[in-house]
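Worksheet: the structure to be examined is printed underneath.
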Amino acid sequence: MTVTELTLRQHAQTVREMIVDLCANPEGGHLGGSMSLVEILVTLYHRVLRISPDAPDAPDRDLLVLSKGHGAIGLYAALAERGFFPRELLAEYGMPDSMLTAHPNPAVPGVEMPTGSLGHGLSLGVGFALDFRLTGSDRRCFVVLGDGELQEGSVWEAAMAASTHRLDRLVAIVDRNGLQITGSTEATAGLEPLADRWRAFGWNVLQVDGHDTRQLYAALGDAPRVPGRPTVVLARTVKGKGLPQVEGQARSHYARMAGRQHKRALAVLRAQATREEPTT
Amino acid sequence: MTVTIADRTAVPSPERAADAVACAPEPRPGREVYRDTLVDLLAADPRLVCLDSDTGLFSPVDWGAAADRYVNLGIAEQNLMGAAAGLARSGRIPFVNTMATFAASRAVEAVKLDIALNNLPVRIAATHSGLSAGHLGSTHHALEDLAVMRMLPNMTVLVPADAAATEELVRACVDLPGPVYLRLGRGATADLGPGLPPLRIGRAQPLREGEDVTIVATGPYPVLAALEAADTLAAEGISAAVLNMHTVKPLDVEALHAAARTTRAIVTVEEHWASGGLGSAVAEVVAELGAGCPVRRVAVADRFAAGSGGQRHLLERNGITATAVAERARGALRARTA
Chain A
1 MTVTELTLRQ
11 HAQTVREMIV
21 DLCANPEGGH
31 LGGSMSLVEI
41 LVTLYHRVLR
51 ISPDAPDAPD
61 RDLLVLSKGH
71 GAIGLYAALA
81 ERGFFPRELL
91 AEYGMPDSML
101 TAHPNPAVPG
111 VEMPTGSLGH
121 GLSLGVGFAL
131 DFRLTGSDRR
141 CFVVLGDGEL
151 QEGSVWEAAM
161 AASTHRLDRL
171 VAIVDRNGLQ
181 ITGSTEATAG
191 LEPLADRWRA
201 FGWNVLQVDG
211 HDTRQLYAAL
221 GDAPRVPGRP
231 TVVLARTVKG
241 KGLPQVEGQA
251 RSHYARMAGR
261 QHKRALAVLR
271 AQATREEPTT
Chain B
1 MTVTIADRTA
11 VPSPERAADA
21 VACAPEPRPG
31 REVYRDTLVD
41 LLAADPRLVC
51 LDSDTGLFSP
61 VDWGAAADRY
71 VNLGIAEQNL
81 MGAAAGLARS
91 GRIPFVNTMA
101 TFAASRAVEA
111 VKLDIALNNL
121 PVRIAATHSG
131 LSAGHLGSTH
141 HALEDLAVMR
151 MLPNMTVLVP
161 ADAAATEELV
171 RACVDLPGPV
181 YLRLGRGATA
191 DLGPGLPPLR
201 IGRAQPLREG
211 EDVTIVATGP
221 YPVLAALEAA
231 DTLAAEGISA
241 AVLNMHTVKP
251 LDVEALHAAA
261 RTTRAIVTVE
271 EHWASGGLGS
281 AVAEVVAELG
291 AGCPVRRVAV
301 ADRFAAGSGG
311 QRHLLERNGI
321 TATAVAERAR
331 GALRARTA
C-alpha cells in the first residue's frame with residue numbers, strides 16, 4: 001500500500017465518521033447511498049479534480065456534479081474533509097436556516113449545482129462539456145450518478161447527446177450499489193446488462209471496485225482517455241459500506257441515529273479501521 | 001365596417017399575395033423573425049449559443065462562422081434544458097428552441113430546477129404557442145405555458161404581438177440577468193403597424209386610450225381582438241383603452257392599478273386556458289388593490305380545444321374573438337352600473 005492510498009483510506013474513514021455524525025442529527029440523513037460514495041468522492045477531491053478549496057469558483061476548475069443528490073451528506077462531509085469549509089459547520093446540518101439541506105445546495109462552498117430530483121446531472125454535464133469544447137478548455141466535468149437514478153429517461157437523453165457530440169471531457173461515474181428504496185434495482189426496473197447499455201449509447205465503459213481507491217484513481221486519474229468519446233466508470237459499491245449491520249441492505253437508505261446507535265456506529269467504524277490497518 | 005380578425009391577418013393565399021404587392025409587405029411568422037434575429041445576434045456575440053431540439057427551424061448553414069455555437073440536441077427536451085443550464089452556468093447565453101407545450105409541460109422540471117432555481121440566463125424560445133399549432137391537435141396546443149412559466153421565480157415571460165415586436169424582444173432579452181420565456185406562434189399574423197409606443201420589458205404598451213373599460217391583451221390574436229373590440233365599443237359610445245401586455249412577468253402592476261382606478265372594468269384576452277394565465281395574473285393584482293373594479297376574462301375554458309381546424313377556427317370555436325371581448329366589456333360595465 002502506497003502512502004497515497006493510505007492517506008485516501010484515512011480520508012475515507014474520516015468522511016464515514018462525519019456521515020454517521022450527520023445521521024445523528026434529529027433530521028437524520030441518507031446513510032446508505034452516502035456511505036457507498038465515500039471512496040469515489042475522496043478519490044475525486046483528493047487526487048483527481050483540479051480544484052482549490054480556497055477558490056471554489058476558480059474559472060479553470062474541474063467540475064463535480066452529484067446527480068444523485070440524496071448523497072448530499074456524503075458530499076458535504078467530503079467537502080469539509082477537503083477543506084472547503086470548517087468541519088464544525090456540519091453540526092448545522094438539519095437545523096433551521098442552515099444552508100446544509102438534505103440535497104446539495106449551491107450556497108455551500110464547493111457545491112456546483114442544486115441536484116436531487118434524479119436524472120438532471122448528466123444533462124448539466126453535457127452543457128458544461130459543450131462549453132469546454134467551445135472555449136477549447138481542458139477542464140473536465142465528472143457527474144456522479146446513482147444506479148437507481150438510471151431509471152430516469154432523461155439520463156439516456158443526455159447519454160445520447162454526449163456521445164453524438166463527442167463530449168470526451170465528460171465523465172460519468174455510476175455508484176452501482178444495486179439498491180434503491182424498496183429493494184434491488186434489478187427487481188424494480190432492471191439495468192443489466194449495464195455496461196453493454198452504456199457501450200451501445202456510444203460511451204467508453206470502465207468497471208471498477210468502487211471502494212478501491214487504487215482502481216478508482218486508475219480509471220479517473222487520466223480521464224478523458226478516449227478522444228471523442230465520453231467515459232463512464234461503473235463503480236461496484238456496497239450500500240451502507242462500513243457499517244456491517246446495514247451493509248447491502250435497502251433499509252440503510254435513510255437513517256436517524258439516536259445517541260446510543262450513533263456511538264455504536266462510530267465504534268464499529270473505528271474498530272473496522274483498526275483491523276484494516278496494514279501490519280507492515 | 002368592422003374589421004374582423006380574419007381580414008387583418010395575413011393568409012398566404014394567391015389573391016392576398018397579389019393585393020400585398022400593392023400595399024404593405026406580407027407579415028412574417030414570429031418564429032422566422034426569431035430565427036433571423038438570432039442568426040444575426042450569434043454572429044456578433046460569442047457568448048450566445050443556440051440549442052435546438054430538432055425543430056427544423058434552423059439549418060446549420062444559417063450560422064456561417066458561428067456554426068459551432070449551434071447544437072441540435074435531438075428530440076429530448078429535458079436534456080435540452082439541462083444542457084442549456086450547464087452552458088449558462090459556464091457564462092454562455094443559450095437560446096433554446098422547442099415547441100411551447102414541450103417547454104412548459106414536458107421539460108418543466110428541468111426549467112424549474114436547472115434554470116430558474118439557479119437564475120441562469122437561458123432564453124427559451126417556444127414556438128407553436130396557444131392554438132397556433134391548429135390542426136396538429138391538442139397534443140401540440142400550448143394553453144398552459146403562461147401559467148407554468150409565470151409561477152417560476154426569476155422567470156421573465158415575454159409575448160410579442162407581431163413580427164416587429166418579436167425582433168425587438170429577442171434583442172432586448174439578450175442581456176437580461178435571469179431566464180426568459182419567449183412565447184412565439186407558428187404562422188404569420190398581422191403587423192400592428194408603425195408608430196406604436198416603444199416596447200419596454202415589464203411595461204404594458206398602451207395601444208388605445210379609453211375611459212370606460214380597459215382591455216388587457218397578450219399575444220397576436222388577442223391584441224388584434226382587443227383592438228377590434230375597442231372599435232366596436234367606440235361605435236356604441238363606449239370608450240375602451242387597450243393595453244398590450246407583452247410582458248406577462250414581471251407584470252406591469254402600475255398600469256393595472258391605473259386601469260382599475262381610471263376605468264370601470266377590465267377585460268383580459270389571451271390564447272391560453274382561463275386558469276393561471278394573463279387573466280388570473282391581472283385578477284390577482286386588481287383584487288389585491290381592492291378598487292372594486294370587475295375583471296372579466298376571455299380565454300379558453302377548462303377543456304381541451306379538440307378537433308381539427310386552423311388557429312383562427314379554433315380561436316373562434318373557443319371564444320377568443322373580438323365579439324366575445326366586446327360582450328364581456330358590456331357585461332362588466334352593466335354589472336358596475338346596476
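Protein sequences appear in the order of chains A and B.
Counting in the working numbering, the first sequence runs from 1 upward without gaps.
Counting in the working numbering, the second sequence runs from 1 upward without gaps.
The beta carbon of each residue, even a glycine, is placed where N, CA and C say it ideally should be.
Since this is a predicted model, take the numbers as computed values, not measurements.
In this structure glutamate 27 of chain A is not in contact with alanine 129 of chain A, their Cβ atoms being roughly 35 Å apart against a cut-off of 8 Å. DSSP places valine 155 of chain A in the uninterrupted alpha helix (DSSP H) bounded by 153-164. Per the Cβ contact rule, the segment 71-79 of chain B is in contact with the segment 44-62 of chain B (3 or more Cβ pairs under 8 Å).
Under the three-state reduction of DSSP, serine 105 of chain B is assigned to helix. Membership of glycine 146 of chain A in the beta strand (DSSP E) is indicated by the continuous run 141-146.
The segment 191-219 of chain B is shown to contain no whole alpha helix (DSSP H) run of 4 or more residues. A distance of 8 Å or more separates the beta carbons of tyrosine 76 of chain A and asparagine 25 of chain A. CA-CA distance, leucine 41 of chain B to lysine 68 of chain A, rounds to 37 Å. Sixteen is the threshold: when 16 or more other Cβ atoms of the shown chains lie within 10 Å of the Cβ of glycine 277 of chain B, as they do, the residue is buried.
Between alanine 235 of chain A and the set A/Val226, A/Gly242, A/Asp209, the nearest pair of CA atoms involves A/Asp209. By the beta-carbon neighbour count (other beta carbons within 10 angstroms, threshold 16), valine 226 of chain A is exposed. For the pair asparagine 97 of chain B and leucine 243 of chain A, the Cα-to-Cα distance works out to about 49 Å. Counting the other Cβ atoms within 10 Å of the Cβ of valine 3 of chain A gives fewer than 16, which makes it exposed. Three or more Cβ pairs closer than 8 Å define a contact, and the segment 274-291 of chain B falls short of that threshold against the segment 183-195 of chain B.
When the alpha-carbon of glutamate 168 of chain B is set against those of B/Ala287, B/Thr321, B/Gly307, B/Gly30, the nearest one is in B/Gly30. The continuous alpha helix (DSSP H) containing phenylalanine 128 of chain A extends over residues 121-135. Valine 170 of chain B is positioned such that its CB atom lies no closer than 8 Å to that of alanine 229 of chain B. Within a 10 Å sphere around the beta-carbon of lysine 263 of chain A sit fewer than 16 other beta-carbons, which makes this residue exposed. DSSP places isoleucine 51 of chain A in the coil class of the three-state scheme, outside both helix and strand. A check of alpha carbon separations from serine 252 of chain A across A/Gln13, A/Thr7, A/Glu5, A/Met35 identifies A/Met35 as the nearest.
No Cβ-Cβ contact shorter than 8 Å links phenylalanine 201 of chain A with serine 154 of chain A.
Taking 7 Å as the cut-off between beta carbons, the residues of the segment 126-138 of chain A near chain B are Val126, Gly127, Phe128, Leu130, Asp131, Leu134, in sequence order.
Look at the segment 249-327 of chain B and you find these whole runs of beta strand (DSSP E), each 3 residues long or longer: 265-273, 295-300. Boundaries of the alpha helix (DSSP H) around alanine 172 of chain B: 163-173.
Residues of the segment 67-85 of chain B with a C-beta atom less than 7 Å from some C-beta of chain A are Asp68, Arg69, Val71, Leu73, Gly74, Ala76, Gln78, Asn79, Gly82, Ala83, Ala84, Ala85, listed in chain order. The way I'd put it, the segment 128-144 of chain B doesn't touch the segment 190-207 of chain B; fewer than three beta-carbon pairs between them come closer than 8 Å.
If you draw a straight line from the Cα of alanine 65 of chain B to the Cα of alanine 43 of chain B, it is about 7 Å long. With its beta carbon less than 8 Å from one in chain A, serine 90 of chain B belongs to the interface. Neighbourhood of alanine 110 of chain B in chain A, by CB distance below 8 Å: His120, Ser123, Ser154, in chain order.
Separation of arginine 69 of chain B and tyrosine 217 of chain A (C-alpha to C-alpha, rounded to the nearest whole angstrom) is 34 Å. Judged by DSSP secondary structure, aspartate 209 of chain A falls within the beta strand (DSSP E) whose first and last residues are 204-209. Residue state for valine 171 of chain A is assigned as strand, using DSSP reduced to three classes. Contact check for leucine 79 of chain A against leucine 220 of chain A fails: the beta carbons are separated by 8 Å or more. As summarised for the segment 46-111 of chain A, the continuous beta strand (DSSP E) elements at least 3 residues long and confined to that stretch are 63-66, given in chain order. Histidine 246 of chain B and phenylalanine 85 of chain A have their C-alpha atoms spaced approximately 46 Å apart. Contact of aspartate 52 of chain B with chain A by beta-carbon distance below 8 Å is absent, the smallest such distance being about 12 Å.
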